[in-house]
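Novice:
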Amino acid sequence: MLDFSAAVSCTDGRLIGMAQARTSLASLMVILVILMYLFLNSSYFTASELKWTGLVLLSAEQLDEYVNFQPANVLRLDKWALQRRLEEHPWVERASVRWSWPNNVEVMVSERMPLAWIAQQDRIFVLDKTGVLMTPPQQLSVLELPQVVNIDLSSTAQLKAAARVLLAVPPAMVGTLAKWDAAQQALVSKSGVQVLMGDTEDLELKFLLLEELWHDLADQGIDPAVIDLRIPKNPVVRPR
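Read in order, the letters of the sequence shown correspond to residues 3 to 242 in the working numbering.
(1) From the DSSP output, in three-state form, read off Arg-125 for me.
(2) Hey, how far is the Cα of Val-134 from the Cα of Phe-71?
(3) Can you give the beta carbon distance from Met-199 to Lys-208, rounded, assuming they're within the 8 Å contact cut?
(4) Sort Trp-182, Ser-157, Leu-161, Leu-27 by Cα distance to Leu-147 and report the nearest one.
(5) Since Ala-164 and Val-150 should fall inside the 8 Å C-beta cutoff, what is the C-beta to C-beta distance between them, to a whole number of angstroms?
(6) Give the straight-line distance between the Cα atoms of Arg-78 and Pro-139, rounded to the nearest whole angstrom.
(7) Select from Leu-59, Asn-236, Lys-235 the residue whose C-alpha is nearest the C-alpha of Asp-130.
(8) When burial is assigned at 16 or more other CB atoms within 10 Å of the CB, is Ala-97 buried or exposed?
(9) Can you name, in chain order, every residue of its own chain whose Cβ lies under 8 Å from the Cβ of Pro-237, other than the five neighbours on each side?
(10) From this set, Asp-124, Gln-85, Ala-121, which residue's C-alpha is nearest Glu-108's C-alpha?
(11) With the cut-off set at 8 Å, would you say Glu-90 and Arg-114 are in Cβ contact?
(12) Where do the N-terminal and C-terminal ends of the alpha helix (DSSP H) with Ala-97 fall, by residue?
(13) Give the secondary structure of Met-136 by DSSP, where H, G and I count as helix, E and B as strand, and everything else as coil.
(14) Tell me which same chain residues have a C-beta within less than 6 Å of the C-beta of Lys-81, skipping the five on either side of it?
(15) Please go through the same chain and pick out, in chain order, the residues whose beta-carbon is closer than 7 Å to the beta-carbon of Leu-4, but skip the five residues on each side of it.
(16) Just list the residues that DSSP pairs Arg-232 with in beta bridges.
(17) Quickly, what does DSSP pair Asp-130 with across the bridge? List them, please.
(18) Which stretch, first to last residue, makes up the beta strand (DSSP E) that contains Pro-173?
(19) Any idea if Ala-174 is buried or exposed, counting beta-carbon neighbours within 10 angstroms, 16 or more meaning buried?
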């Protein structure tokens, strides 16, 4: 005759054991979740500062103040919001934010390129490579840049034309230039040579010609007053 009471007792024991195991596992999972939460929210993941790269004209202190950065958990840091805020800065062309383990936040900044400065009454502006006028940052010595003169600041076309010409200047010649005369459409060197460029067509060809003429004139000991490149196929040099 079968002993049903023993079988039931054995089954109950297994069920109780399984329930206890599940309870222990659940408790362990809860403990692990709590520990993980505490770990992820600990100071181990707190960024105390932003690490800036690419800064030339701007300073880390200026940008820290601009974005109002406060120590924050890197896992909750809104990188896209920080990037958008930075790209609203007039001197920031592009920005990207990168997190590295465990609590480093690196911000890579591409600043706008200053090409020239413009004086308007008692104010100074800087022209960037897109033809936009901006207030110069404190770290920028505008006198190291060429000056743009005789320009209508309300004329977008004139500003963009000035930027196109100055951006096309060969690197070896940048340091020799003093100004761009928008009314005359001419570059003026620091030694007073006037280079008539005309419109902004064929700039690459015009500057190639200018470099060749510059070297040839120096070799021949000729001091030019005017170099006329308005018609590239027929350049004209007028000595002093």
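Idealized CB from N, CA, C, for every residue including glycine.
Specialist: Taking the structure as given:
(1) If DSSP states are grouped into helix, strand and coil, Arg-125 belongs with the strands.
(2) Between Val-134 and Phe-71, the alpha-carbon positions lie close to 28 Å from each other.
(3) Confirmed, about 6 Å.
(4) Nearest of Trp-182, Ser-157, Leu-161, Leu-27 to Leu-147, Cα basis: Trp-182.
(5) Approximately 5 Å separates the beta-carbon atoms of Ala-164 and Val-150; this is inside 8 Å, confirming the contact.
(6) Straight across, the Cα-Cα distance linking Arg-78 with Pro-139 is about 32 Å.
(7) Minimum Cα distance to Asp-130 is reached at Leu-59.
(8) Classification for Ala-97: buried.
(9) Cβ neighbours of Pro-237 beyond the five flanking positions: Leu-211, Leu-215, Ile-229, Asp-230, Leu-231.
(10) Distance check between Glu-108 and each of Asp-124, Gln-85, Ala-121 places Gln-85 closest, using alpha-carbon atoms only.
(11) Taking C-beta atoms as the reference points, Glu-90 and Arg-114 fail to come closer than 8 Å.
(12) Premise fails: Ala-97 lies in the beta strand (DSSP E), 94-102, not in any alpha helix (DSSP H).
(13) Here Met-136 sits in strand by DSSP.
(14) Answer for Lys-81: Val-99, listed in chain order.
(15) Summary for Leu-4: the model assigns pLDDT 48, below 50, so the residue's position carries little reliability, and this model does not support an answer.
(16) In the DSSP output, where bridge partners are listed per residue, Arg-232 has none listed.
(17) For Asp-130, which the question treats as bridged, DSSP gives the partners Pro-116.
(18) Here Pro-173 belongs to no beta strand (DSSP E); instead the alpha helix (DSSP H) covers 173-176.
(19) The C-beta of Ala-174 has fewer than 16 other C-beta atoms within 10 Å across all chains shown, which makes the residue exposed.
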